[in-house]
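Start counting the sequence shown at 2; every next residue gets the next number (the working numbering). Don't be surprised by glycine CBs; every beta carbon is placed ideally from N, CA and C. Contents: one structure, followed by commentary.
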Amino acid sequence: MNPLTILKSHVIRHLKRILRPFYKKATHLFFGKKAYHAWILNNEPNTAALTAQRTHRFDYMPYFAVLCVVNPERSERIIASLRGQTYDRWRLYLLSGSPEGAPPEADENIRFIDRALPPDEIVSLVDGDFIVAIGQNTVLCPFALYEITASINTNPAGKLFYSDEDSIIGGRRAYPHFKPDCSPDTLRSFNYMGMFMAITRELFVSEHPLSVESRYALALKYAQEAGAVVHIRKVLFHTVGSGEGTPHAAEKKALSCHLTELGIAAEVQEHRPGLFNVIYKIPDTPRVSIIIPNKDNAQLLAKCVKSIIYKTAAYDNYEIVIVENGSVRKDTFTLYDTLRRDERIRIINWQGEFNYPKVNNYGALCSEGAVLLFLNNDTEALNSDWLINMLRHAIRKDVGAVGAKLFYPDGTIQHAGIVVGVGGVAVEYHKGFDGAEAGYFNRLAIVHNVAAVTGACLMLRRELFDTVKGFDESYALAYNDVDLCLRLMELGYPTVWTPFSELLHSESKTRGYEITQAQRQRLNDESMRFTKRWRHILDEGDPYYNPNLSRDRGDFTLG
2 MNPLTILKSH VIRHLKRILR PFYKKATHLF FGKKAYHAWI LNNEPNTAAL
52 TAQRTHRFDY MPYFAVLCVV NPERSERIIA SLRGQTYDRW RLYLLSGSPE
102 GAPPEADENI RFIDRALPPD EIVSLVDGDF IVAIGQNTVL CPFALYEITA
152 SINTNPAGKL FYSDEDSIIG GRRAYPHFKP DCSPDTLRSF NYMGMFMAIT
202 RELFVSEHPL SVESRYALAL KYAQEAGAVV HIRKVLFHTV GSGEGTPHAA
252 EKKALSCHLT ELGIAAEVQE HRPGLFNVIY KIPDTPRVSI IIPNKDNAQL
302 LAKCVKSIIY KTAAYDNYEI VIVENGSVRK DTFTLYDTLR RDERIRIINW
352 QGEFNYPKVN NYGALCSEGA VLLFLNNDTE ALNSDWLINM LRHAIRKDVG
402 AVGAKLFYPD GTIQHAGIVV GVGGVAVEYH KGFDGAEAGY FNRLAIVHNV
452 AAVTGACLML RRELFDTVKG FDESYALAYN DVDLCLRLME LGYPTVWTPF
502 SELLHSESKT RGYEITQAQR QRLNDESMRF TKRWRHILDE GDPYYNPNLS
552 RDRGDFTLG
């Protein structure tokens, strides 16, 4: 190729990467707000529906105590949003240091409390079956208390309720945050539940969640209890202006205390403002078996193994088990002879037609580690602590599979977790996004729960792998990794994805894409089998992907 053409290609590609963030921002400003406005019209109650809500009677009609620590000048906005509620069983308690913020006319539903009082005394002054805690920059949607009441009636065991949210910028609603259902690892990365929370009076009396950080501590605590935390999948409040000025240092302390109370040895790092990375201590040094299926492609395999050996400086107790399956090229076996000189590397032979689950199950059977890492031969480790960062989560007794951040050679995202029930059966989050981006509400920058991760880089404890009897060998081509993660989740072991383990992935270079008629038919059969097996999740929706988002793509666009 002409050198000038090559230079031109590089310049264009570089310019695209520089301009992409600006293009996306402009697209959001000009089209995103318009799309969200259309979503609001199509999904939120109109005037007639709001009128009907005012006369609706629930089986249980709780009385709400709405609690807010507020500066006097901001109280009127909060009062106005409460007076506009379609559910009228509420009383507003404004914790303020000055009586000057009192409303101009007397109102028995609005009371001021001196926030300097001891917490126990404040609690004694607040009535209500449920306490709704809001921030001083929070404006409630008119149907907020109605929807909480509906959710309380539907989820009688619920103790803590939270919802989706958006912002009001320049007088217009924008930036909707459609959140996951209860997601403990996401919550340990940042307080995604936000500034609006409804809790039972029992929790209020026992926990005293009067500040932002104490409410964060409450959410962390009860996120560990099945069924206690309920997500209302609707936008029930807006944040006005620049937010609350949340004391991130206090949140970091709350998170550290939470882990200590659970007996978890860990260090909390704030790697970006308000975003935390929990560094879990590894009590022993468990052996990790890195299982790599291979058929020819000596160049790819050599790069993969070399990256492991030279990039895994932070953890060295591992073995590499290469599962040879059907190679014919001389350079492949020459490479094997070279690799065998390293005592950490073994080559074992799998006889038979290629079947991804069978090959990996055989590799696991022949390996020795207490922890298994299934890795494609077309991957390359990029950071020195990639292995230990996955291991920190895999050794946790409350975690199932663990996945990593995988990049295409051009630096865009290849894998950042899998969402189930979108794009037909399952698709990958953020695929094609620039690898330097933070993603949808920082998802590409934080450890969080996902329904599944790719088998191209999947780690878990051997005991769990044995418990679920490994990969389901009936999924020869696809969905075997997703099926494994869902079976673990079904047993109470959620999947974790970490951005702190980075690898390059030249996707499908080993086996290629499905192109033959027989392969298409087999893939279709596996898709139908997966759909039948996991119909309940496909119907109910991925708990870590909000149903208000697109059902066609994993890019977090509006549905």
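According to DSSP, is residue i helix, strand or coil?
i, result
"F466", "helix"
"L118", "coil"
"T380", "strand"
"L505", "strand"
"N362", "helix"
"K25", "Bear in mind that a pLDDT of 48 at K25, under 50, signals an unreliable position, so the number given afterwards is only what the model happens to contain. Helix, per DSSP."
"V124", "helix"
"V428", "strand"
"E354", "coil"
"A49", "helix"
"R112", "strand"
"T139", "strand"
"F131", "strand"
"N295", "strand"
"L459", "strand"
"L559", "strand"
"T261", "helix"
"L492", "coil"
"M529", "helix"
"Y147", "helix"
"G102", "The pLDDT assigned to G102 is 49, lower than 50, so where the model puts this residue is not dependable, and the model offers no usable value."
"Y217", "helix"
"H57", "coil"
"R523", "helix"
Suppose the cutoff is 8 Å on Cβ atoms and the five residues either side in sequence are ignored; what does the same chain contact list for residue i look like?
i, result
"P548", "R234, G542, G560"
"Q54", "P46, T87, Y88, F144, Y147"
"S528", "G425, V426, A479, Y480"
At which residues does the beta strand (DSSP E) containing residue i begin and terminate?
i, result
"I235", "Note that residue 235 is Lys in the sequence shown, not Ile. That run of the beta strand (DSSP E) goes 230 to 241."
"R347", "346 to 350"
"W535", "Unbroken run through W535: none, as it is neither H nor E."
"Y94", "91 to 97"
"C69", "65 to 70"
In chain order, what residues of the same chain have a beta carbon less than 6 Å from the beta carbon of residue i, not counting five sequence neighbours either side?
i, result
"N377", "A457"
"L141", "S82, F238"
"P544", "D182"
"A477", "N356"
"I293", "I323, L376, N378"
"N278", "Q270, H272"
"I169", "H239, V241"
"D540", "none"
Could you tell me whether any Cβ in chain C is nearer than 8 Å to the Cβ of residue i?
i, result
"P177", "Reference to chain C is not applicable here, since this structure consists of a single protein chain."
Mind checking who residue i pairs with in its DSSP beta bridge?
i, result
"S164", "I233"
"R273", "L276"
"Y319", "V289"
"A267", "Y281"
"W498", "G404, H449"
"V324", "P294, I349"
For the alpha helix (DSSP H) containing residue i, name the first residue and the last one.
i, result
"K331", "331 to 340"
"I309", "299 to 312"
"N547", "Element bounds for N547: n/a, residue is neither H nor E."
"E438", "Run containing E438: none; DSSP gives neither H nor E here."
"L478", "Counting along the chain, L478 falls outside any alpha helix (DSSP H), and DSSP gives it neither H nor E."
"E369", "Per DSSP, E369 belongs to no alpha helix (DSSP H) and is neither H nor E."
"A227", "From DSSP, A227 is part of no alpha helix (DSSP H); its letter is neither H nor E."
"Y37", "34 to 44"
"S212", "Element bounds for S212: n/a, residue is neither H nor E."
"P84", "Going by the sequence as given, residue 84 is Arg instead of Pro. Per DSSP, R84 belongs to the alpha helix (DSSP H) from 76 to 84."
Can you list, in chain order, the residues of its chain with a C-beta nearer than 7 Å to that of residue i? Leave out the 5 residues immediately preceding and following it.
i, result
"T390", "Looking at the sequence itself, residue 390 is Asn, so the reference to Thr does not match. Hits under 7 Å: T499, F501, S502."
"R523", "A477, L478"
"L256", "R189, L221, V269, F277"
"V483", "I419, V421, A427, A453"
"R552", "V423, G560"
"H449", "S184, D186, T187, S190, W498"
"K282", "A266, A267"
Would you say residue i touches the ligand MG, meaning its beta carbon is less than 7 Å from a heavy atom?
i, result
"R552", "Ligands in the displayed structure: none, and consequently the ligand MG is not present."
Inside the stretch 149 to 207 only - alpha helix (DSSP H) runs reaching at least 4 residues | 185 to 190
Identify every run of the beta strand (DSSP E) within the stretch 372 to 421, keeping only runs that are complete inside it and at least 3 residues long; order them along the chain.
-> 372 to 376, 380 to 382, 403 to 408, 414 to 416, 419 to 421
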